[in-house]
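Enquirer: If you scroll down you'll find the structure; I have some questions about it.
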Amino acid sequence: MMTARFDTALAYASEAHRNQVRKGSNIPYVSHLLGVASIALEFGADEDQAIAALLHDAVEDQGGLERLEDIRLRFGNRVAGIVMDCTDAVIIPKPAWRTRKEQYLASLAHKDRDSLLVSLADKTHNAEAIAADRAEIGEVIWDRFTGGKDGSIWYYQELAKAFIAPFPRQVARLDRAVAGFNEG
């Protein structure tokens, strides 16, 4: 069961991302955060992991290490650690896309199961959104992404490989979404 801490985290995430929308759309960014938290809970997350799912992009997109420290003070070390593990860059400007993705993939081997579950939920939600948008608007979807179609397929397939050992059943959902990158 979720407690008032989860409600506080949802309000915090909503405020932090208030002026942000999903890439290439007018969809409020909080929809992604809710989606990731939902998937994480479906995959067996506890409350700390669900809170981290709501906050997983706050450091990268909304304040860097200062934001991380605020999350640590408000929600504890475990939540902050998971959020940091889901962050692929804290410096501005971010490193080149391919370099950043390769570094993130390499880092997954050193992350604990708690963080991997939230990361898998994030990547699954992203892949499902990409597949749905591709089915709706076609190949123009790839113009939104620095890695383009080939880079995106490479990245998500590599993610699936990294997540398969700890989460074989849950990775099937990610695989289905990535298959949608080429279908329809």
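To convert a position in the sequence shown, counted from 1, into this note's numbering, add 535.
Beta carbons are placed, not taken as given, at the ideal position from N, Cα and C, and that holds for glycine.
Among ASP685, ARG557, GLU577, which has the Cα closest to the Cα of ARG633?
Expert: Here residue 633 refers to the residue found at position 98 of the sequence shown. Per the Cα distances, ASP685.
Enquirer: Using the beta-carbon count (16 or more within 10 Å), is VAL618 buried or exposed?
Expert: Sequence index remark: in the sequence shown, residue 618 carries index 83 (1-based). Counting Cβ neighbours within 10 Å, VAL618 comes out buried, since at least 16 surround it.
Enquirer: Using 8 Å as the threshold, is the region 559-576 in touch with the region 641-660, meaning 3 or more CB pairs across them?
Expert: With a cut-off of 8 Å, the region 641-660 and the region 559-576 count as touching, because enough Cβ pairs lie within range.
Enquirer: Given a cut-off of 9 Å on the beta-carbon distance, is the pair GLN638 and ASP596 in contact?
Expert: The count along the sequence shown starts at 1 and reaches residue 638 at position 103. The count along the sequence shown starts at 1 and reaches residue 596 at position 61. Not in contact: GLN638 and ASP596 (Cβ atoms no closer than 9 Å).
Enquirer: Does GLN584 pass the burial test, meaning 16 or more other C-beta atoms within 10 Å, or should it be called exposed?
Expert: Within the sequence shown, residue 584 is the residue found at index 49, counting from 1. GLN584 is buried by the Cβ-count criterion.
Enquirer: Are the CB atoms of ALA551 and ALA593 nearer to each other than 9 Å?
Expert: As a first step, residue 551 is located in the sequence shown; it is residue number 16 there, counting from the start. As a first step, residue 593 is located in the sequence shown; it is residue number 58 there, counting from the start. Result yes, Cβ atoms of ALA551 and ALA593 sit closer than 9 Å.
Enquirer: Please name the residue in ARG557, ALA548, LEU576, VAL565 whose C-alpha comes closest to that of MET536.
Expert: The count along the sequence shown starts at 1 and reaches residue 536 at position 1. Comparing Cα positions, the closest option is LEU576.
Enquirer: Whose C-beta lies closer than 8 Å to the C-beta of ARG635 among residues of the same chain, with five residues either side of it excluded?
Expert: Taking the sequence shown and counting its residues from 1, one reaches residue 635 at position 100. The residues are ASP623, ALA624, LYS629.
Enquirer: DSSP on VAL556, reduced to helix/strand/coil?
Expert: For this step, residue 556 is matched to residue 21 along the sequence shown. Note: VAL556 maps to strand in three-state DSSP.
Enquirer: Could you name the residues of the same chain whose beta carbon sits closer than 6 Å to that of ASP668, not counting the 5 residues immediately before and after it, in chain order?
Expert: As a first step, residue 668 must be located in the sequence shown, where it is residue number 133. Result list for ASP668: ILE676, in chain order.
Enquirer: CA-CA distance, PRO665 and GLU601?
Expert: Counted from its first residue, the sequence shown places residue 665 at position 130. Counted from its first residue, the sequence shown places residue 601 at position 66. The sequence shown places Ile at residue 665, rather than the Pro named in the question. Cα-Cα distance, rounded: 31 Å.
Enquirer: For MET619, report the span of its alpha helix (DSSP H) as first-last.
Expert: The residue you call residue 619 lines up with position 84 of the sequence shown. That run of the alpha helix (DSSP H) goes 612-620.
Enquirer: Give the secondary structure of PRO563 by DSSP, where H, G and I count as helix, E and B as strand, and everything else as coil.
Expert: Working through the sequence shown from its first residue, we reach residue 563 at position 28. In the structure shown, PRO563 sits in a strand (DSSP, three-state: E or B).
Enquirer: For SER560, count neighbouring C-beta atoms within 10 Å of its own C-beta (all shown protein chains included) and say buried if the count is 16 or more, exposed if not.
Expert: In the sequence shown, residue 560 corresponds to position 25, counting from 1. SER560 is exposed by the Cβ-count criterion.
Enquirer: Measure the alpha-carbon distance for ASP620 versus ASP647 and round it to whole angstroms.
Expert: Walking along the sequence shown from the start, residue 620 turns up at place 85. Walking along the sequence shown from the start, residue 647 turns up at place 112. Computed Cα separation, rounded: 9 Å.
Enquirer: Express the C-alpha separation of PHE698 and GLN705 in angstroms, rounding to a whole number.
Expert: Counted from its first residue, the sequence shown places residue 705 at position 170. Counted from its first residue, the sequence shown places residue 698 at position 163. Taking the straight line joining both Cα atoms gives about 9 Å.
Enquirer: Have a look at LEU545, ALA615, PHE716 and flag the residue whose alpha-carbon is nearest the alpha-carbon of GLY673.
Expert: For the purposes of this step, residue 673 is identified with residue 138 of the sequence shown, where counting begins at 1. Minimum Cα distance to GLY673 is reached at PHE716.
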